[in-house]
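Step one of this worksheet: look at the structure below.
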Amino acid sequence: MMSKDCEKIALPPAMRINLILNGDILVGGFATLGPSYRLTKDGQEQFYGVTTIGRRGDSQNVIAHEMGHTFGLLHSSGPYGQDDPIYSPTTYDSGWDVMSGGLSRFPISRYGYVGVHTIAYHKDFLGWIPPDRKYVAPRNSTRTITLERLAQPGSDGYLMAQIPIGNSPTDFYTVEARLFAGYDEEIPDEAIVIHKVDTTREDRLAQVVDVDNNGDPNDEGAMWTVGETFTDLANGLRVSVDAEHATGFQVTIAYTVCAEALSSTRQLLRGGAGNASVAVVAPSECRWGATSNSPWITVIAGSGSGNGRVRYAVAANPSLNARTGTLTIAGRILTVIQAGINDNLFEDDMESGTEGWWPSSCTLPERDDCSLNPYPWALTTASSQSGSHAWTDSPGGNYHNNVLADLFSPRIDLTEVESATLVFWHRYEWGSGDRGLVRIRGKNREVGTCTVSILRGSRFVLT
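For reference, each letter of the sequence shown is one residue, going 231 to 693 in this note's numbering.
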């Protein structure tokens with residue numbers, strides 16, 4: 231039916247289409263989000279957002295919710311059940327948004343249950359909040375503002391505030407005022423409500439900040455009233471509710487990133503469980519904190535004033551692949567990369583040839599003129615620990631006297647690696663005066679030399 235023109239309806243001006251059915255439909259029992267359909271009608275090509283409403287969905291809150299989806303809105307919710315499927319109860323647990331579970335407690339006349347307003351983030355997404363009525367907190371600022379209620383606001387004051395999280399373009403907080411008015415007559419209560427937004431999520435981009443973490447985003451733990459302050463030390467922000475007036479609240483928003491630096495912004499860790507730390511450089515009056523943004527990273531010690539250190543633990547990585555997580559520390563981001571199971575930075579059993587390796591030798595004491603001397607190194611199949619090939623410095627069967635024979639591995643990138651282990655197998659017949667050295671060189675300089683006590687068929691391990 232959608233693809234056929236209707237003589238008495240001019241479709242191009244219509245932006246959204248509701249299909250109301252007198253029978254049940256499968257998804258949810260009564261309503262689904264229909265996709266956008268691309269149709270050419272009356273000579274014009276246009277996308278049409280479509281809802282499909284079954285006979286048990288003819289309630290105002292359902293129609294408003296589904297129409298919100300056709301405008302591009304996703305769900306909002308509390309911060310619970312992050313891995314739950316989209317149709318789980320946690321998707322619809324917030325009474326602050328018609329795009330979650332916000333609706334009247336009792337049906338109202340012929341309209342059924344009536345939905346509350348959608349949240350400030352969604353209204354801003356749709357362009358319904360004028361730029362001059364949206365306060366975006368600058369870094370290192372403190373300002374007192376008036377927030378008007380979202381429903382039936384006054385003509386002055388802001389309709390929302392947005393506070394960045396670090397330097398992320400996708401993560402931020404929103405602050406909004408909710409009072410009993412209009413469709414908001416049956417919100418959970420009158421209060422300042424804060425959402426934490428992550429626009430990279432697949433759904434539920436905005437989630438209510440609920441500090442008591444009790445599974446209910448509609449109780450006092452999610453409401454900020456006069457005299458209360460929300461603080462996020464890790465991100466350097468504070469929201470204080472100073473006063474309430476007839477159509478809104480007065481709030482003070484402080485956003486201060488006082489820490490000067492972290493000793494590292496990126497750390498690479500081995501795949502097993504373990505602990506690590508990073509230093510915070512900050513003036514003595516700077517109070518800071520740390521939070522983990524990844525479930526496998528746990529902050530052990532994460533707050534202080536002035537210079538200090540954040541200590542954290544990582545769980546063992548069960549995957550073969552490396553994984554990446556983050557910590558927010560004093561408004562700055564620390565990226566943690568954990569290797570997968572048996573994740574090696576470099577491995578070679580010499581079965582693929584000598585590419586990348588560099589043999590060299592010098593007859594003592596004329597070491598500086600290595601080019602005049604033959605390279606004694608070569609591959610052999612006479613003996614090997616794994617596979618069938620190994621390096622030998624005596625391809626002719628004998629090691630020449632007074633020769634310093636070097637073998638250089640390919641370059642191994644240890645950029646910001648916290649710890650690494652070097653393992654190799656070796657087999658030597660030693661004569662008087664012989665010795666072996668393992669040299670570890672950084673860029674343009676030697677960073678370590680170890681004398682190898684080599685035994686026949688032994689395994690060398692350097693951590």
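Positions of the beta carbon are idealized from the N, C-alpha and C atoms, including for glycine.
Boundaries (first-last residue) of the beta strand (DSSP E) holding residue i
| i | result |
| --- | --- |
| Tyr291 | In the sequence as presented, Tyr is not what sits at residue 291; that position holds Asn. Looking at the DSSP string, Asn291 is not in any beta strand (DSSP E); the run it does join, the alpha helix (DSSP H), is 290-300. |
| Ala421 | 421-428 |
| Thr486 | It is not in any beta strand (DSSP E) - Thr486 carries neither H nor E in the DSSP assignment. |
| Val280 | 274-283 |
| Pro394 | 390-394 |
| Ala620 | 620-622 |
| Ala552 | From DSSP, Ala552 is part of no beta strand (DSSP E); its letter is neither H nor E. |
| Ile642 | That residue, Ile642, is in no beta strand (DSSP E); it is neither H nor E in DSSP. |
| Gln312 | Taken as a continuous stretch (DSSP letters only), Gln312 belongs to no beta strand (DSSP E), as it is neither H nor E. |
Residues near residue i by beta carbon distance below 7 Å, same chain, minus five either side
| i | result |
| --- | --- |
| Arg408 | Trp326, Arg379, Leu380, Asp414, Ile417, Glu420, Ala421, Val423 |
| Ser613 | Ala620, Arg657 |
| Ser524 | Gly555, Thr556 |
| Gly412 | Ala381, Gln382 |
Simplified DSSP assignment, three categories, for residue i
| i | result |
| --- | --- |
| Leu463 | helix |
| Ser613 | coil |
| Ala512 | coil |
| Asp472 | strand |
| Ala452 | helix |
| Ser493 | coil |
| Ile247 | strand |
| Asp433 | coil |
| Arg500 | coil |
| Pro606 | coil |
| Tyr341 | helix |
| Gly325 | coil |
| Thr320 | helix |
| Glu721 | Since the first residue of the chain shown is 231 and the last is 693, residue 721 is not available in this structure. |
| Arg665 | coil |
| Gly519 | strand |
| Pro361 | helix |
| Arg286 | helix |
| Ile571 | coil |
| Ile255 | coil |
| Asp636 | strand |
| Arg562 | strand |
| Leu557 | strand |
| Pro589 | strand |
| Thr270 | strand |
| Val366 | strand |
Whether residue i touches residue j by CB criterion (9 Å)
| i | j | result |
| --- | --- | --- |
| Arg562 | Thr521 | no |
| Leu249 | Ile283 | yes |
| Leu389 | Ala350 | yes |
| Tyr341 | Gln290 | yes |
| Ser371 | Ile255 | no |
| Phe638 | Trp587 | yes |
| Asp401 | Thr429 | yes |
| Gly466 | Val487 | yes |
| Ser226 | Ile527 | As displayed, the chain neither begins before 231 nor continues past 693, which places residue 226 out of reach and without an answer. |
| Leu463 | Arg541 | no |
| Phe460 | Leu377 | no |
| Gly298 | Val346 | no |
| Gln392 | Lys364 | yes |
| Ile567 | Leu499 | yes |
Where the alpha helix (DSSP H) through residue i begins and ends
| i | result |
| --- | --- |
| Tyr351 | 350-355 |
Neighbourhood of residue i by C-beta distance below 8 Å, restricted to the same chain and skipping five residues each side
| i | result |
| --- | --- |
| Thr320 | Ser307, Gly308, Tyr310, Gly311, Asp314 |
| Arg539 | Ser507, Val508, Ala509, Val510, Ala531 |
| Thr610 | His619, Ala620, Trp621, Thr622, Pro625 |
| Ala473 | Val456, Phe479, Gln480 |
| Asp433 | Leu304, His305, Ile316, Thr321 |
Bridge partners - residue i, DSSP secondary structure assignment
| i | result |
| --- | --- |
| Ala531 | Arg541 |
| Gly332 | DSSP output for Gly332 lists no bridge partner at all. |
| Asp401 | Asp428 |
| Gly478 | Glu378, His475 |
| Glu406 | Val423 |
| Asn505 | Ala543 |
| Val438 | His425 |
| Thr372 | Ala484 |
Own chain residues within Cβ distance below 6 Å of residue i, not counting five before or after
| i | result |
| --- | --- |
| Ile338 | Val344 |
| Ile247 | Tyr278, Val280 |
| Pro640 | Gly586 |
| Asn252 | Arg285 |
| Ser493 | Val508, Ala509 |
| Gly451 | Asp440, Val441, Asp442 |
Residue-chain proximity (residue i, chain B), Cβ-Cβ < 9 Å
| i | result |
| --- | --- |
| Asn443 | No chain B appears in this structure, which consists of one protein chain only. |
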